[in-house]
Amino acid sequence: MVVLGACVGTGVWAHNPRYRAEGEMCVEFKAMLIAAGIHVLLLIFEVLVCDRIERGSYVWLLVFMPLFFVSPLSVAACVWGFRHDRSLELEIMCSANILQFIFIALRLDKIISWSWLVVCVPLWILMSFLCLVVLYYIICSMLFLHSVDMVTEQRRTYVTMALRWMAIVVHLLIFEVLLVHKLDGHNKLSFVSVFVPLWISLVILLASTLGLKGGNHWWFGIRKDFCHFLLKLLPFLREYGNISHNLQRDDSEALEEMAAIPEPQKNTSMFLHKEVNVPSSGKYFGPPPKLSIDMPD
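Here you go:
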């Protein structure tokens, strides 16, 4: 899907030069190409891993070669992303693990005979930084939770972020520790049991990304937010989705609104909504003109 989306977006970019001058479309197109390049290298690595396991005809250093190219590309992408205020998640992880990739390849080729606990030292350093980030989020959320100057929505946001990252990092750390002990032969757990914390961490990460805003508008050449594109593609969603609900409304508000409505005057005449004043001289005066208020655009 990534490759197909990048190809369609590149085709739309090439056939419509006028789109390049619309806001930050040029920056978003370059971000799409960088993300597509990283995913293509990761795909090549996965294919080589499968082929190496099935055939075993070449060394692991060759299998890890796409990851060795991903790391400098990710470093350049991080620098470019910071300059253009782009979100970076996968690029940071790939750029920080280049030494870990080299150690794993050397260990699998038996060039080094270290234990897996020593091989994963770069990973432990990275996880220590992640634990510090989680600790920072927890402390900030506790401070904001007891602050009277913060809005309730902001407090909820910080607390949710702290709980989310704590759950992700803790389960990921448990998986890495169990995997290292399994590879070193210190426990007899099955690989299914070892990978359960990783699955939990990935599910939490996937659920947390569903509510995020933003995204690149050049995937598949749609050039707009995906929700807007979906509403334009399926008009019936606009009819059923453009409905406002007030779940905070209670019966007391309804009673107050009913009390504010004046009761109609009891009049047996046919003029129920008009008041006609007939003075003693017998001259007829029509009803006063109605007040017309035009709503602004």
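Quick note on this note's numbering: the sequence shown kicks off at 22 and runs consecutively. Using N, Cα and C, we set each Cβ at its ideal position, and we do this for glycine too. Since we're looking at a predicted model, the values are computed, not measured.
Inspect the beta-carbon positions of residue i and residue j and report whether they are closer than 8 Å.
| i | j | result |
| --- | --- | --- |
| residue 114 | residue 159 | no |
| residue 24 | residue 57 | yes |
| residue 321 | residue 168 | Not covered by the structure: residue 321. The range shown for the chain is 22 to 318. |
| residue 222 | residue 196 | yes |
| residue 32 | residue 240 | no |
| residue 142 | residue 128 | no |
| residue 210 | residue 203 | yes |
| residue 110 | residue 237 | no |
Between which two residues does the alpha helix (DSSP H) carrying residue i extend?
| i | result |
| --- | --- |
| residue 56 | 46-75 |
| residue 36 | 23-36 |
| residue 104 | 86-104 |
State the CB to CB distance for the pair residue i and residue j, rounded to an integer number of angstroms; the pair is presumed to be in contact (CB under 8 Å).
| i | j | result |
| --- | --- | --- |
| residue 215 | residue 200 | 5 Å |
| residue 92 | residue 119 | 4 Å |
| residue 136 | residue 205 | 5 Å |
| residue 65 | residue 112 | Incorrect: roughly 17 Å between the Cβ atoms, too far for contact. |
| residue 176 | residue 184 | Not a contact, Cβ separation roughly 13 Å. |
| residue 90 | residue 122 | Not confirmed; about 11 Å, so no contact. |
| residue 320 | residue 130 | This structure gives no information on residue 320, because the portion of the chain shown stretches from 22 to 318. |
| residue 55 | residue 98 | 5 Å |
So the candidates are the options; which of them puts its Cα closest to the Cα of residue i?
| i | options | result |
| --- | --- | --- |
| residue 189 | 112, 220, 111, 77 | 220 |
| residue 150 | 117, 176, 165, 207 | 117 |
| residue 39 | 126, 244, 133, 90 | 244 |
| residue 192 | 48, 224, 42, 77 | 224 |
| residue 20 | 242, 247, 248 | Past the edges of the chain, shown from 22 to 318, lies residue 20, and the structure says nothing about it. |
With DSSP run on the structure shown, which of helix, strand or coil describes residue i?
| i | result |
| --- | --- |
| residue 213 | helix |
| residue 202 | helix |
| residue 239 | coil |
| residue 133 | coil |
| residue 229 | helix |
| residue 79 | coil |
| residue 141 | coil |
| residue 107 | coil |
| residue 149 | helix |
| residue 244 | coil |
| residue 162 | helix |
| residue 222 | helix |
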